Structures are given as structure tokens and as C-alpha cells.
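Chains as they are written, first to last, in the UniProt record's numbering: chain A, 1 to 720; chain B, 1 to 189. Backbone N, C-alpha and C fix where the C-beta goes; we use that ideal spot for every residue, glycine too. These numbers come from a predicted model, not from an experiment. Have a look at the structure below, then the notes.
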């Protein structure tokens, strides 16, 4: 990228960040075809002068522009090995350039911004000190791995982030050898890191293992299970606790920033401000130093004891688990980070070490720093103003409708309470929290605890609604089976993000919930086909008080049907579906959002002279036997459609058809489910096409079953 | 020295760390913004005096369950009333003092984290003076950060010291055994 010192006649002001006084022209880029000119960056005293030109510098004035920022040093780095000869000063400059690159890239594609900005210095320090990919660096959850991806050979692909056939938004083993473990759900890296460390020990190798985990992920039990084991095995590994005091998502509720949830966060905070105790410890150290000599073992014991006693309740927690605690460390100071990491790296036989690094989410981009949610997850935005380009939609998301439905039910029934696991925004329960602050519980990233906690509430006669994403419910499956279903406790599960979820990819895909819920003997399993049905199903769930129930709804917005009056649903009759279109010959029995695809397929087939029956099953358990019998007996073809894996709705229908003798007749039955592979991230439309569940696919299936192959091909090739 | 702010009343922990010093309590009567040193161990009876003082909520004139909007409105109203520029000339000092207190109340109550801490202390009956509370912030300032550096440097040297003796024959942990094995293998080669 050439740096030209020529000035430009036309300067366009970019919002408030521009200041037309003596700007020193320093770099220019023309975005092919566009007539916008990069405003020359204002030189403030932070800009480092070097032979050959000035540098991109993030000042408090914070000019960000829509064109790619100049990143001369970052341009020379394709892989971490190119960093090895840099001085610490250059590393600082590299961090700044990396930061501006992250902002620029995320502004073009959307993605997770705040977390990535918080770990820029940490990423640079880690790659500088350690030798990936031989040294393993694991990123918990993975959404903060954007700087890591830029530094490890994927910078030229950053514009494809989270898009079909592009980079994944989380670390992924099949994408690069520098991503040593795939993450997406939280709190897995210490476990995986320990596994890699032990594997290394068994093979007799000497590489390092570093697991980066956040304070939010620390609220999950698995992190403690891993640390407990790590302390016991005493294998060499480094755990970096990235503490930015943000435990739940979004990092704010509707009224402003929320304090972190849980007792652990205050313990971590206390660790950071520990002065009086530290002074006492200095005294103790002085004493042990004086003992010295052959008494060093005794002195070591004294010091250890003193350390445990006075180094603060938080670090004792990690020490007790067997991890050596170092910190807190300023996570934005490259000097400190590099010297600590170098020290730990060169020390032999450390056992497990925990480095407590304090960072700020969204650091370096003022709009993110100031925002209540720290720009955790954003869509495309304008870097100069921080404004996101949110689309306009006539309808709201299913998440919002669910929250409104639950609020309406809770107004009428004071026993209704809501529980979520650090996902107040994602589940919509922030709205519920605002309305009923005493009846909404955020347990931190602890789905297992959330479910059993709900079970306990149900024992006391309350009506708990557990709002957990379909994919995260996988974590709590034993609790669902053993604590809820086995005892037949009336816990209601609201599973958002069911089916394919788009850009987040297979780590967040809710493919399996129908399968694992519908096989449980006491569970009522239902799925709304549109937002009005969602309101009714919330009411139904609230009314079912003698057994557990669940319902699933997809990511995305409603289709625009009329909502029930007062936003309060009416309980449905359990085990009864409905017929939407009466037709002949072919029946489509849809479950959940797939019903909309069935309706679209039916309209596609109208033009071919076929009038299909479309039915909405509503319930996967108990099935509407009468409806299925009727459809099977009066049609030639019965096709079930669902956005779930094998073993779900379709399989239950198959079981019933077989046992009822309906398959002994002349009806042709076909199930349409998600294919037996993981669907990669991409746009929802692309994913659905990849899965084979678009209306065109359904129509083509109908034609195939009716032996009209030509029409099937026609409908598949004419889809847009 | 700002020791005592870090040691708030946490149920179940050692009470002797929590008493504020006498002298600064008296200070609250006549508000002086000078920095005062206070020690760790003092008589707890003085805290009863604290209870007679107005809590931040009473100062702002809102209930303890006030929303952030209410707090903001109350603050704006009172700030406009007590600001030195608009206070009547004969009561400037008193009004200024109130203004500063109102401002502090707002600062604490508008930040949910600090408000949570304040509510907790209030429930336990401890109402530390404004100036003392001001230091009970979790926003790290530079002093804290340089403290950190000293701390982790000593932790690193301790780590190095420990690692020297770590794999001595007595240590039977799995990791130690594997490391010894690896050393022996590399020695053979």
C-alpha cells in the first residue's frame, strides 16, 4: 500500500469527526469507482514520525473512515512468524493498526466487535511470544478471534466473515491450522487445553498450551471441572482469564449497563483492588527472605501459607484449585503482557498457571466504549459515526414476540417467573426484566443450573419459563431428563434459535431439539408456525401445569399475521393440529416454521394444477392422531416437513403410521428433515437451500413422488 | 493509604476490617474535601452515628426502588436548585455543600455497579462518608495499575522460585512424573 504525500483538492467531511483546520495529507485511497476521498488523517501528537511517512494512529479524536485505513506494519505480517523481529514499540503500533483493521472489517460485514477490540494487545502479545501453530492457543467462545484470524493468514478473507463459504465467526479447525480447537459455546477451552497438554506430555513433546477464557465463561461449571483436573494433573499449561467485567449478553439491559451477575465477579473485582492485603504480604515476604539459607523449604511453606491467607479471596480460589495465580495485569499494555508471557514461557515446570488479564470490551473505538452493550454484536456500520445499518422490517423478531407474550401471561398470573443463562437480550427477557424485575433470573452461563433451578421453583408451585437457545439446551440435557421430565415437573422450555441460524453457523444451530425433547415420555412438544401461534403456545405452556412442556421458534422476524388482542394468547387444545388448506392427492404436514415453506410450495404447485392440502401439526407430542389418520387415508402422498434432524417430528409420525397400520395401505409417505451433516454458516436463504428445505425443494419432492420427474427438475431450476 | 474502602461489610467475613475511623465521621458534619488517612481497626460504635445521616436516596428525595430515570430527574432538579451560581448569596456555602453531596449521590446511584454496592452497604446499616465512598470505585486509576505491576512481578519471581523445586522426587503428580520421564528420555539421547 503506497503512501503518497500528495494533497487532494476535494475533502469531504465525514460527520462530526472531521476538522477542516490544517490537516496534513498523508495517505489516500480511491475506492474503485467511488468518488469519495479519504479525508487525510489529522496529525495529533500521538502520531509517530518515521522515515517514509506517518502511521495510522488511533487518537482520542478517533477518526475512522469508510475506506480501508493505512496499515503499513500490519501489511508486512501474514503469519505470526513475521512478527518475531519486531520491537515492543513496533508491537504497539501493530496493535493500533490491527485495531483499526478490525473496526474496518467488521463495519463491512457485521460480526462481534467489542470482544475482538478488547483482546487486540493480548493477541499480539501471544503470537509474539509463542510459536503457533506448534504452540496451541485456544480461544474460548471464539467470537474474539478476529485479530487472531487477521494475524494468522486470513486477513485477505476477512471481508467474507460469517458469510456463505467465507470465514467462520468462531475458531474452526478445518479452516486453519492456527485454530486448534473449534469453539462457539463457552467454557470449553480449559478442558480442551488440558487435553492437549496431557497429550503433549504423553508424546514427550515440549510445546506450550495457552487457553484464553473470559470472566463470563468462568461462570460455567465446566471451567471449574477443568481447573480442578488441571490442578490435580499438574501438567504445564497457561490459562489466561480475560476479565472485562462483562458476564451476561448483552452487556447491558434496556436501561443501561448492568453489573455483572454472580458472586464470582465481585471476587474478581476484589482481586483487582487488593492494596492493604498486599502490603501485609510484602511484610511476610520480607520475613521469609531473612530466614533464607537451608531454611528455604520452611520459608517456602510460610510464604505459601501467608500467600493463601492474605492474597485475597479470589486468587485463593484458583490457588486452591491448583493453578498458580498471576495478576491482575493490564490487558492493554503490551510491555507488561510480553514480559509476563516471556517469563512464564521460559520457566520450566510451572504446572498450570492462571494469568488474570484485565481488559476493556470495545477498547479503542470510542463508540463501542461508550455504548451500553459495548458493540458486542453488530451489523454493518459506518466507522466514522458508529451508526449501524439496521434494516427496517414490518414485523418484529420472534424473540420480541415471545417476551411480549410472556409479559402478558405474567400480568395475569403472578406465579410465572423467567430464567435465562446470561442471554437477556438474545432471549428477549430483558423486556421481561424491565417489567418484572423480581421475577426474572439470570444465572450466568450455567444452563444446567438454570434447568434444575427451574425444577426447584416448580416444586414450590411457581411456573418457571426457561428461555434457553435450542443449541445451548444441549448442555442441560441430563437436567431436563432427570430433574424435570422424570419427576414430571411443570417446567416450560422456550427454545429460541431453533433450526438453522444463519451467520453463526453449526455451533449455534438448533437442529436437534425436537429429537431430544420429543423422545421424553412426559414432555409436551410444540412449535408455532407464525407469531400468533407463538402467543397461543406461550399461553398453552402457561396452562399446562401437570407436566413439562417446550416449544421452539426460529431466528428471524414474524411473517405478519394479526396478533391476538391484548397480546395475550389463548391456550390451544393439546394434541390438536389444524388444516390450513384443503386439497387432494398430496398432503404436506409441516411442523413449526416449515409450515410457511409448505404454504409457499403449495402456491408454487397451484400453477401446475395441483391443489395440495397443507396442515400444521402444532404438536409433535402428543401427535394429532386423528389428523394424521385422516390425511393418510384420504391422500396418495403424505410429506412431513420440519427444520430439524432425523429422529424428530417426522420419525414420530412414522412410528405412529406404522403402528396404526397406515403404512400397509397405498399412501406414500416421505419425511423431509435436515440432512445428516452440519450446515456451514451463511445467509439463512443459502443455508435453507443447502439443507434442501426451500419451497422449491418441497415442490420438487412432491413431483418426484408423483413420478413427474420433468416437472421436478423444472421447479428446481427455475427457483431464484 | 486507602485501605479500608476495599474491605466492606461482607457477611461472614472478619468484622474488624470494616470500621471506618472516628475522625472522618466527624468530618462529615463539617464537610472538608481534604484527604484523610484512616487506619484499619477502629471502634464500630461510631457507625451508629452514620445511621442518622441521610442516605443518598433520602438526599435525592426518591424511594430506594427508584428507577434510573427518577434518579436522573431528581438530580437535575436538585442540581438546578443548589448550584452555587443560582443559590441565594447568604446560603452559598450550605447550598454548595448540598450540591456536592447531591452530585456524589447521583454519581453513585446512576452507575448500577456502584449503586448495587451502596444498596448492599445500606442494608447492612453502614453508610460510609461521601469522601470515603468516592474512593470505592472499581474504575482503576493509575496508582492501582502501578500497584499491579509490582504485584505480578513478585508473583513471577515466586513462580520461578517454586519451579526450581517442583519436580523433586517427592512430587508425585501426574504432570511431574511425565516431566521427569521426558527429561530422562532426553538425557538418554
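Same chain, Cβ closer than 6 Å to residue i, neighbours up to 5 away in sequence not counted
| i | result |
| --- | --- |
| residue 153/A | 78 and 79 |
| residue 619/A | 526 and 575 |
| residue 377/A | 112 |
| residue 187/A | 217, 220, 222 and 223 |
Sequence-distant residues of its chain with Cβ nearer than 8 Å to residue i (five each side left out)
| i | result |
| --- | --- |
| residue 151/A | 77, 79, 80, 83, 98, 123, 124 and 127 |
| residue 713/A | 700 |
| residue 333/A | 121 |
Pairwise C-alpha distance: residue j and residue i
| i | j | result |
| --- | --- | --- |
| residue 543/A | residue 338/A | 59 Å |
| residue 184/B | residue 644/A | 54 Å |
| residue 145/A | residue 191/A | 18 Å |
| residue 413/A | residue 450/A | 21 Å |
| residue 182/B | residue 158/B | 25 Å |
| residue 114/B | residue 560/A | 43 Å |
| residue 218/A | residue 227/A | 10 Å |
| residue 390/A | residue 379/A | 7 Å |
| residue 104/A | residue 222/A | 35 Å |
| residue 718/A | residue 670/A | 23 Å |
| residue 551/A | residue 84/B | 60 Å |
| residue 165/B | residue 350/A | 10 Å |
| residue 205/A | residue 136/A | 12 Å |
| residue 176/A | residue 170/A | 12 Å |
| residue 138/B | residue 411/A | Interpretation of residue 138/B is limited by its pLDDT of 43, a score under 50 that renders its predicted location unreliable; the figure taken from the coordinates is listed afterwards. Between residue 138/B and residue 411/A, the C-alpha separation is close to 38 Å. |
| residue 424/A | residue 106/A | 24 Å |
| residue 403/A | residue 707/A | 46 Å |
| residue 472/A | residue 578/A | 30 Å |
| residue 142/A | residue 512/A | 22 Å |
Nearest-angstrom Cβ-Cβ length linking residue i and residue j, presumed shorter than 8 Å
| i | j | result |
| --- | --- | --- |
| residue 641/A | residue 698/A | 6 Å |
| residue 358/A | residue 329/A | 7 Å |
| residue 490/A | residue 518/A | So it is not a contact: roughly 18 Å between Cβ atoms. |
| residue 442/A | residue 467/A | About 11 Å; that fails the 8 Å criterion. |
| residue 374/A | residue 361/A | 4 Å |
| residue 347/A | residue 163/B | 5 Å |
Counted within 10 angstroms of its Cβ, other Cβ atoms place residue i as buried (16 or more) or exposed
| i | result |
| --- | --- |
| residue 139/A | buried |
| residue 75/B | buried |
| residue 183/A | buried |
| residue 91/B | exposed |
| residue 486/A | exposed |
| residue 54/B | exposed |
| residue 327/A | buried |
| residue 626/A | exposed |
| residue 721/A | Outside the displayed range of chain A (1 to 720) lies residue 721/A, so it cannot be described from this structure. |
| residue 570/A | exposed |
| residue 533/A | buried |
| residue 172/A | buried |
| residue 188/B | exposed |
| residue 610/A | buried |
| residue 478/A | exposed |
| residue 150/B | exposed |
| residue 294/A | Any reading at residue 294/A must be qualified, since the residue scores a pLDDT of 49, below 50, and its modelled position is unreliable; no value is offered. |
| residue 149/A | buried |
| residue 155/B | buried |
| residue 546/A | exposed |
Residue i beta carbon near the ligand FMN (any heavy atom closer than 8 Å)
| i | result |
| --- | --- |
| residue 697/A | Although the ligand FMN was asked about, the structure shown includes no ligands whatsoever. |
CB of residue i within 9 Å of CB of residue j, strictly
| i | j | result |
| --- | --- | --- |
| residue 554/A | residue 398/A | yes |
| residue 418/A | residue 433/A | yes |
| residue 591/A | residue 514/A | yes |
| residue 463/A | residue 492/A | yes |
| residue 682/A | residue 503/A | yes |
| residue 688/A | residue 667/A | no |
| residue 501/A | residue 684/A | yes |
| residue 109/A | residue 67/A | no |
| residue 212/A | residue 244/A | no |
| residue 95/A | residue 174/B | no |
| residue 331/A | residue 556/A | no |
Other residues of its chain near residue i: CB distance less than 7 Å, five sequence neighbours each side excluded
| i | result |
| --- | --- |
| residue 704/A | 712 |
| residue 632/A | 638, 657, 662 and 667 |
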